[in-house]
Structure formats: C-alpha cells, structure tokens
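**Q** I'd like to ask some things about the structure below.
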Amino acid sequence: MKVMKFGGTSVGKPERMHQVKDLVTRGDEPTIVVLSALSGTTNALVGIGEALAEANRILAKERIDALHAHYLEFYPALLKTEKGRAKAEDIIKEHFEFLNIILKISFNEAINRDILAQGELLSTKLFYTLLEELNIPAVFLGALDFMSIDENSEPELSKISEKLKAILAQHPGEKLFVTQGYICKNHRNEVDNLKRGGSDYTASLIAAAINASVCEIWTDIDGMHNNDPRIVDKTRPIAELSFDEAAELAYFGAKILHPASIWPAQQYNVPVRLLNTMDPEAHGTLIKEDVETTGVKAIAAKDGITAIKIKSSRMLLAYGFLRRVFEIFEKYKTPIDMITTSEVAVSVTIDDLSHLAQIQKELEALGSVEVDQNQTIICIVGNMVSETRGAIKSVMDSINNIPIRMVSYGGSRHNVSILIDSKFKKDALQSLNEGVFNW
Ligand code: ASP
Ligand code: MG
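Oh and the sequence shown: position 18 is 22 in the working numbering, straight run, nothing missing.
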C-alpha cells in the first residue's frame, strides 16, 4: 500500500483536482490519498477565528461569506452531473451552516480548532464526490476516527496504527482511500490539528502506521532544491537525500516539507518522494535511509533567529554550567537551534521569542547576557559534509567577505551551520551557490 498526499495548490482549482484524480488512479497499488484544504482556505479559517477571538462578529461573518462564495464558485467547475452538484451543494451547505452557527455561540479555543478543521473536511468530501461522479470506487476515511495526539500534542503512532489497520480491514479488496491531512483528535477527544502545514505529517504518520511502500508528497515544485529558488537564480532539485539530510533541510528553510514529517517515515523506513503535480514525470526528490551520494547537497537559510550570548568567568573549569543555562530554556519551552561554546561563554540561538524577556532575566543570574536579533542560520547540508576534505574550506572561502557570528561544525555528519546577520543572507546564499556548486 502507498500514501499519496496532495497539498493545497494541488487541489486548489477544479482542474487540479481532476489531475489529482488522474494521478491517484493510474497505478495498481492500493493507495491512501491524503488531502490538504484548498489553497487559501486554512488562512481564511484562521482569519475567521481571529475575528471571533476579537468578538468582531461582523468581520467574521464577512470572512465566512467570502469563503463560502469561493466554494460556490468552485464546485460547478469540478462536477458535471446534477447528482454530483447536488451532493456538493449539501456538503458546502453543511459546513458553512456550521460556521454560521459558531457566530452565534461563545467562542473558545476548542471551537477555533473546529473551525480550522473545516478546510480538509471540505476538500476531501468534494474530491470524494468527484470520484463518485466518475464511478471510481473509493472509501472515505475520516481522519478523526484514527488520527490522535496525546496531552503533549504528540501523535500517538501505535494507537493510530491499530485503529487505521482495523478500519482498513473492514474494506478488503478496496484500492482507493481518501482522508484528511492536518486534522486529528486530542486527548480530550476534541477536534485538533497537527499545526500549520501538518498534512505532510499526517501522510508520514499514516505511511508509518501501515508500513507503506512509499509516502509520496505531491506539491507544486519538482522536489527540494539545492538552494533557495526565491533568492538564488540557479537552483536545481536534489535527486536523493537521506532522512537525516532531509530533516536538517526541512527544518532549516526548505518550506516544501513539514519538518516533523521525517521521523515517522524514518522510524519505519518508508521512503518519501517529493513530486510535482504540474510535472508528474519529473524525478523529484527521493528521501530514504541510505544514500550513496556524498558532498554538499544543499544550502538553506532560516531567518528570524536570535542569538544569545551568556558570558561568565564562573563557567571557567566549572561543571553543570550548561545545564543551568539549558534549564532556563526548558522552563520556557523554548527550543535551541545552534550552540557554540568557549571556555568563558556560550552562545545559543532561538527562533521563538515569546519568552525572551523572562529567559534573559533568568540568564542574567548566571552571567552577562547579550542578545542579537535579526540573525539568519545558513545551513549547509550533505552526506559527510564534515568529513569531506575541503568541503568546509569551499564553504568558508565562498563567504569570506561576510562577518560570521557563530559556526557549528561537527554536530552531525550532515550539517554545517553558520549564523550571520540577516542583511547578509542574500549575498551569502549567492556566494555559496557560486563557490560550492560552482555556479
Ligand atoms: N491546511 C493546513 C494548512 O494550510 C495543513 C496543510 O495544508 O498541510 O496549514
Ligand atoms: Mg505544505
């Protein structure tokens, strides 16, 4: 069995949804199709929730009506038969009635998550209606029946696997299943989600849960690129990456794949393929356990980084100092990305600034603290980057005119991270492209 996940742009137009239908019906292997909401829908639902949170019902109503109009325009172009259209009308009516009822009741976070779930429910139901109209046999799976997260918002993979396998066992001989990305139930049995972009995560969790042959992530770009195509002119898709390399890249910039979606596939050794709906024959990027290719494969950048330096002579020859530093970040649930140390100072980077003031205050008890905002991590990823002779030299030579705030080298075999002021990012990415890939 395989998993095919389609993102918002792949289902965002009626003709694209038809293309998705072609893609999921062309092979023989039983397939679970995971769909995102139509592009723009989740953002619109977030907007509706925000308006309600501010008790601005008029604005919320305007936003609901605008989204409603979008769906009323969408379905006649998707479906041709009267029966199909009548069914789509019912689906749209049901979900927008729900949103309109919410306008009248008192708003809370659980209701907000219900609002956010409407996008994937709509996209999968409309897609399923298309399959019905074309007499393509398929089974509709409600993700809320098997996707769950625990009290720390972590997916419960073994429970998911158990439930999903039981559901699939009720449909022997079926070859096509359609389900929602992103949405799940939480430990209070309320509707919840896997955070923005979480449909990739759903796909990977399902692939792990059923030990799929492959987890295909279909988007509108031909795989992960070796540099940021929005900034650098010449980039190309990377044919092959290991799970570790892909995890570094997904986290440090390449927006194409949700970073959390690597671990389930990696744990169950399910290869992940990033493919392009607009160009289905393109090779894309294959992510798997063992790859033979070596050297620098990609460069990514992550903005919005803050560097914090804690300097203290008490660190000299002391043990336990780093623990005290890290405990403060742990207390405020703030992840650290990079660390470098000297004998009397330690620098770390964070990207979640929600507790910066408290963290800074507590760190001041340990030493003098300096905070630099607007930093960018440039991440150089490859197989054995840190063992390939000369790899680091070509990296450093390429950017020798750019001031470097931190370097992290040797933390893993797949990554060299460099921290620079964000104003040098464009220059750094371009220079690295020329210096490392000889372009
Ligand atoms: N629809 C959700 C979002 O836009 C989940 C996803 O598309 O992956 O974030
Ligand atoms: Mg996405």
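All C-beta atoms in this analysis are idealised placements derived from N, C-alpha and C, irrespective of residue type, glycine included.
Consider the C-beta atom of T281 and the heavy atoms of the ligand ASP; say whether any pair is separated by less than 7 Å.
**A** no
**Q** Say whether the stretch 14-34 touches the stretch 227-246, bearing in mind that this needs 3 or more beta-carbon pairs closer than 8 Å, one atom from each stretch.
**A** No, the stretch 14-34 does not touch the stretch 227-246.
**Q** At a cut of 8 Å, does the stretch 268-282 reach the stretch 353-366 through at least three beta carbon pairs?
**A** no
**Q** Report the rounded CA-to-CA distance for K337 versus K84, giving the unit in angstroms.
**A** In a straight line, the C-alpha of K337 is about 51 Å away from that of K84.
**Q** Under 8 Å by Cβ, that's how I've got I403 and A432 pegged, so tell me the actual separation to the nearest angstrom.
**A** Indeed they touch by this definition, with Cβ atoms about 5 Å apart.
**Q** Pop quiz: I382 and I424 are said to be a contact at Cβ under 8 Å. What is the actual Cβ separation, rounded to whole angstroms?
**A** About 6 Å; that satisfies the 8 Å criterion.
**Q** On a Cα-Cα basis, can you pick out the residue from G177, M410, D26 and I422 that is closest to A349?
**A** M410
**Q** Going by DSSP in three states, V195 sits in which element: helix, strand or coil?
**A** Strand.
**Q** Would you say the beta carbon of D224 is closer than 7 Å to some non-hydrogen atom of the ligand ASP?
**A** No, since every heavy atom of the ligand ASP falls outside the 7 Å radius drawn around the Cβ of D224.
**Q** Use the C-beta contact count for G386: other C-beta atoms within 10 angstroms, 16 or more gives buried, fewer gives exposed.
**A** buried
**Q** In chain order, which alpha helix (DSSP H) runs of at least 4 residues are fully inside the stretch 206-272?
**A** 247-255 and 266-271
**Q** Would you identify the three-state DSSP class for M400, choosing helix, strand or coil?
**A** helix
**Q** Considering only their Cβ atoms, is the gap separating G185 from V38 smaller than 8 Å?
**A** yes
**Q** Should the stretch 288-299 be called in touch with the stretch 246-266, which here means at least 3 C-beta pairs below 8 Å?
**A** yes
**Q** Apart from the five residues just before and just after Q270, which ones in its own chain have a Cβ nearer than 6 Å to its Cβ?
**A** A distance below 6 Å between beta-carbons, with the five flanking residues on each side excluded, links Q270 to the following residues of its chain, in chain order: F247.
**Q** Between which residues of its own chain and A142 is the CB-CB distance below 6 Å, once the five residues before and five after are set aside?
**A** L135, L180 and V182
**Q** Below 7 Å, is the gap between the Cβ of Y323 and the nearest heavy atom of the ligand ASP?
**A** no
**Q** Which same chain residues, not among the five before or five after N378, have their C-beta less than 7 Å away from its C-beta?
**A** D425 and S426
**Q** Measure the Cβ-Cβ separation of F428 and N230 and say whether it is below 8 Å.
**A** Cβ distance not < 8 Å, so F428 and N230 don't count as in contact.
**Q** Which of the three DSSP states, helix, strand or coil, is assigned to M319?
**A** In the three-state scheme derived from DSSP, where H, G and I count as helix and E and B as strand, M319 is classed as helix.
**Q** Taking P263 as the reference, give the member of Y205, I36, S372 and L148 with the closest Cα.
**A** Y205
**Q** Where do the N-terminal and C-terminal ends of the beta strand (DSSP E) with T183 fall, by residue?
**A** L180 to Q184
**Q** Leaving out the 5 sequence neighbours to the left and right, which residues in its chain are closer than 7 Å to I115 when beta-carbon positions are compared?
**A** I106
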